[in-house]
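In my numbering, the protein residues as written are 3 to 293.
Beta carbons: idealized from backbone N, C-alpha and C, even for Gly.
Since the structure comes first, as structure tokens, the remarks are kept for the end.
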């Protein structure tokens, strides 16, 4: 039986040291900032990315490059590995479809290899949390097929919710109308959004004020978490560590959870949500329940 590699997209937002420690292959997605394309080997510090957005730079994003995906898949199978790839939600990017198409081409050229590509229906550290559980199962000795089955059966238990500081980024991305963005800014409305069962980014509620929006993330978690109270929690932020730590501390206080990963939201996600975004990810009974 061939050993296997777990791979994912850069949109999984996993910390670099975690990726290296667990030998995860990462497929780059790309973003354009001030007419320069970044991604893969060409990166800028995440703090700088968000500061440039605060200063008025407009960021746009691109899906994975099929040629790069082919190179990465081919490298792994020619090294003797099968591959389990956990991809960015197909409702948010063509990257999953790129990986699925390329995987078939690579397997045709290498009939001895097996590449399983899963649509996570997840984003950011929600996708990363799914990868985390896949890595744990692999390290426990589970086969590629067993891990893939677990991921498929449990991906809709990965709950995501997030809130933003500035509505203009959701407006630019077509998530809200211009009038809603203007009115919401005037009266300090902060939307709380989540990723639904179809992998789409959709609104959950609107609240007044930043602190209330952060508290709503935790309240939604309480409504969703069910019996998953002893699991690791992931928190992402758009260069807003203090608010991320506030949410972490509220979760600790309410649930007694001590295991967290808190890290930046990647530029390819943050380009659409903006500086100050806070996102909370956890296992739960249902994505569709809110406070």
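From the DSSP output, read off the bridge partner residues of residue i.
i           : result
residue 84  : 6
residue 192 : 209
residue 89  : 121
residue 28  : 10
residue 295 : No statement about residue 295 is possible, as the shown extent of the chain runs from 3 to 293 and does not include it.
residue 282 : 163 and 237
residue 262 : 235
Would you check if the distance between the CB atom of residue i and the CB atom of residue j is smaller than 8 Å?
i           : j           : result
residue 35  : residue 59  : yes
residue 209 : residue 194 : yes
residue 116 : residue 146 : yes
residue 378 : residue 191 : The first residue shown for the chain is 3 and the last is 293, placing residue 378 beyond what the model contains.
residue 97  : residue 65  : yes
residue 108 : residue 76  : yes
residue 68  : residue 119 : no
residue 216 : residue 248 : yes
residue 55  : residue 276 : yes
residue 228 : residue 267 : no
residue 130 : residue 16  : yes
residue 172 : residue 187 : no
residue 132 : residue 160 : yes
residue 232 : residue 290 : no
Check residue i in the structure and name its three-state DSSP category.
i           : result
residue 277 : coil
residue 230 : coil
residue 267 : coil
residue 162 : strand
residue 94  : coil
residue 112 : coil
residue 132 : helix
residue 272 : helix
residue 289 : coil
residue 215 : helix
residue 243 : helix
residue 145 : coil
residue 18  : helix
residue 139 : helix
residue 251 : helix
residue 2   : Residue 2 cannot be examined here, being either before or after the span of the chain that is shown, 3 to 293.
What residue from the options has the CA that sits closest to residue i's CA?
i           : options               : result
residue 48  : 254, 257 and 242      : 242
residue 99  : 123, 203, 151 and 135 : 123
residue 282 : 91, 245 and 164       : 164
residue 254 : 236, 167 and 271      : 236
residue 5   : 190, 82 and 204       : 82
residue 73  : 162, 53 and 30        : 30
residue 265 : 137, 126 and 275      : 126
residue 40  : 269, 54 and 211       : 269
residue 91  : 158, 260, 287 and 26  : 158
residue 153 : 84, 20, 134 and 112   : 134
residue 280 : 240, 286, 288 and 271 : 240
residue 288 : 105, 223 and 44       : 223
residue 214 : 228, 172 and 252      : 252
residue 162 : 7, 232, 9 and 14      : 14
residue 174 : 18, 144 and 272       : 272
residue 9   : 44, 88, 132 and 247   : 88
residue 84  : 227, 262, 7 and 261   : 7
residue 70  : 43, 56 and 86         : 43
residue 285 : 156, 257 and 276      : 156
residue 149 : 18, 136, 160 and 57   : 136
residue 20  : 246, 274, 37 and 262  : 262
residue 230 : 102, 274 and 258      : 258
residue 151 : 86, 38, 260 and 22    : 86
residue 110 : 128, 32 and 79        : 79
residue 303 : 18, 24 and 11         : This structure does not reach residue 303, given that the chain is present from 3 up to 293, and the question cannot be answered.
residue 274 : 52, 144, 226 and 57   : 52
residue 260 : 128, 206, 234 and 211 : 234
Could you pull out every unbroken beta strand (DSSP E) segment of at least 3 residues lying fully inside the region 30–71, listed in chain order?
32–35, 38–40 and 61–64, all fully within the region 30–71.
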